[in-house]
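Q:
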Amino acid sequence: MQNLMKILILFALVACSDVEKKPTTETPAEKAGQSQSINDDKVNVQNPMDKNMNSANEAIVSSSSSEELKQACLEQLGNLPAPFTNEHTFKYCNEMLHDVSCNSTLGKPIFHFDKGSAKERHIKVLVFGTIHGDEGAAGSLARDWVHRLKDLEPRSEWRILPILNPDGLEKRTRTNANGVDLNRNFPTNDWFDSAQKFWRKKGARARRFPGNAGGSEKETQCIIKHIEDFKPDFIISIHTPYGVLDFDGPNVVKPASILPWRRLGHMPGSLGRYMWKDNEVPVLTIELKGGEPLVQKQMEDLQDIIGTVAIRSLKSLGRW
Ligand SMILES: [Zn+2]
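In terms of numbering that gives the first Met the number 0, the sequence shown opens at residue 0 and continues consecutively.
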């Protein structure tokens, strides 16, 4: 019942929105032809924010000031390599937000951070880290960007989800708690025809299982909800360990970078195929080398380079 209420409230909020939508408005469940509550029977954890949801007008994004949420934030940060100092950790957790519908399979909150642009005309960049739980350095980079952005007047508007797969991060597994590779679970147009077929052809490795339906997982649904709400012009997904930058987007001149540019390609159920091929939103995949976190200068340079590529891409697409 509680889950049904959540879906109804979300639906009401989406239906009331007067903002023009990108072509990604179809929910993952609709694309997959499945009920959105596909995983509901597996989740029995009380969302700490549920008690605050008294009406549809209640803010869907809540500041993570409640003790329970702050504790969850601190625990998740503790699972990332290259820890902050305590002072930074507390500052960081005070700035994080939580969308009430964004929780992991085991009920952990999935946090995000928002920073507006100082420029009137700007692009919107969405970043997420640790979609694969055994790639902790990806979360460290996203976390460091949050920390840097707090004191910057950026030219782009940023939304960052440093830890998209908190259950996997805790257990150091690539997959989520249902054993699904979230980067094969996006409801691409070819998901039903190809995702499991492709997986079997590649050896049916458990760590790359795409799930039983596109968009079946709570974490996938969370990122798609952020895509629908935030309407990014450009998406960045951070991984390890290949040490390259892989771009799914228009042909643009790439600035020199500490990581070489190399095409890795996208596949059924992957973010690149879902957002670029199906929905024409460019996706940059950062593959950090060997899982080592970047030093501060590299982290800053990379963020600036990405801002430049994002603007060039949008110019090339005639959206800037
Ligand atoms: Zn990965």
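By construction, the Cβ of each residue, glycine as well, lies at the ideal position given by its N, Cα and C atoms.
(1) Is it true that the region 148-164 meets the region 103-114, where meeting means three or more beta-carbon pairs spaced less than 8 Å apart?
(2) List the whole-angstrom C-beta distance separating D180 from T172, where the pair is believed to meet the contact cut-off of C-beta under 8 Å.
(3) Within the same chain, show all residues whose beta-carbon is closer than 8 Å to that of P249, passing over the 5 residues directly before and after it, in chain order.
(4) Which same chain residues end up closer than 7 Å to E299 when comparing Cβ atoms and leaving out the 5 residues on each side of it in sequence?
(5) Return the bridge partner residues of H121 from the DSSP annotation.
(6) Where P165 and Q220 are concerned, what is the direct C-alpha to C-alpha distance, given to the nearest angstrom?
(7) Would L283 pass as a contact of I305 if the rule is Cβ separation under 9 Å?
(8) Please identify the residue among T129, R272, H265 whose C-alpha is closest to the C-alpha of K170.
(9) Distance check for T239 and I310, CA to CA, integer angstroms please.
(10) Is R272 near ligand 1, going by C-beta to nearest heavy atom under 8 Å?
(11) Using a 10 Å radius around the Cβ and a threshold of 16 neighbouring Cβ atoms, would you call L151 buried or exposed?
(12) State yes or no: is the C-beta of H146 nearer than 8 Å to some heavy atom of ligand 1?
(13) Considering only heavy atoms of ligand 1 and the C-beta of each residue, which residues fall inside 6 Å, strictly closer?
(14) With 16 other CB atoms within 10 Å as the buried threshold, where does D192 fall?
(15) Are the CB atoms of K217 and N102 nearer to each other than 9 Å?
(16) Give me the residue from T84, R206, K123 with the minimum Cα distance to H225.
(17) Go ahead and pull the three-state DSSP assignment for W144.
(18) What's the call for G202, buried or exposed, on a 16-neighbour Cβ count within 10 Å?
(19) Look at the alpha carbon of E119 and the alpha carbon of R154, and state the distance between them as a whole number of angstroms.
(20) Does DSSP put I130 in a helix, a strand or coil?
(21) Can the beta-carbon of V251 be found less than 9 Å from the beta-carbon of V308?
(22) What first and last residue would you give for the alpha helix (DSSP H) that runs through D98?
(23) The alpha helix (DSSP H) with R262 in it runs from where to where?
(24) How far does the alpha helix (DSSP H) with D303 in it reach, from first residue to last?
(25) With DSSP run on the structure shown, which of helix, strand or coil describes D166?
A: With the structure as the only source:
(1) They touch, by the three-pair rule.
(2) D180 to T172, Cβ: 10 Å. No contact.
(3) The residues P281, S312, S315, L316, in chain order, have a CB closer than 8 Å to that of P249 in the same chain once the five nearest residues on each side in sequence are set aside.
(4) Only residues of its own chain outside the window of five on either side were considered, and among them R147 have a CB closer than 7 Å to the CB of E299, listed in chain order.
(5) The secondary-structure analysis by DSSP pairs H121 with nothing; it has no beta-bridge partner.
(6) Whole-angstrom Cα-Cα distance: 14 Å.
(7) Yes, the Cβ-Cβ distance between L283 and I305 is below 9 Å.
(8) Per the Cα distances, T129.
(9) Straight across, the Cα-Cα distance linking I310 with T239 is about 25 Å.
(10) Checking the 8 Å criterion, the Cβ of R272 is out of range of every heavy atom belonging to ligand 1.
(11) Classification of L151: exposed, given that the 10 Å Cβ count is below 16.
(12) No, ligand 1 has no heavy atom inside 8 Å of this Cβ.
(13) Each of H131, E134, H238 has a C-beta closer than 6 Å to some heavy atom of ligand 1; these make up the full list, in chain order.
(14) Classification of D192: exposed, given that the 10 Å Cβ count is below 16.
(15) It is a contact, given that the beta carbons lie within the stated cut-off.
(16) Closest option to H225, Cα to Cα, is K123.
(17) W144 falls in the helix class under three-state DSSP.
(18) With fewer than 16 other Cβ atoms inside 10 Å of its own Cβ, G202 counts as exposed.
(19) Rounded to whole angstroms, E119 to R154 spans 9 Å at the Cα level.
(20) Correct three-state label for I130: coil.
(21) In contact: V251 and V308 (Cβ atoms closer than 9 Å).
(22) Where D98 is concerned, there is no enclosing alpha helix (DSSP H), although the beta strand (DSSP E) it sits in stretches over 96-102.
(23) Run containing R262: none; DSSP gives neither H nor E here.
(24) It spans 295-315 - the alpha helix (DSSP H) in which D303 sits, taken as one unbroken run.
(25) Here D166 sits in helix by DSSP.
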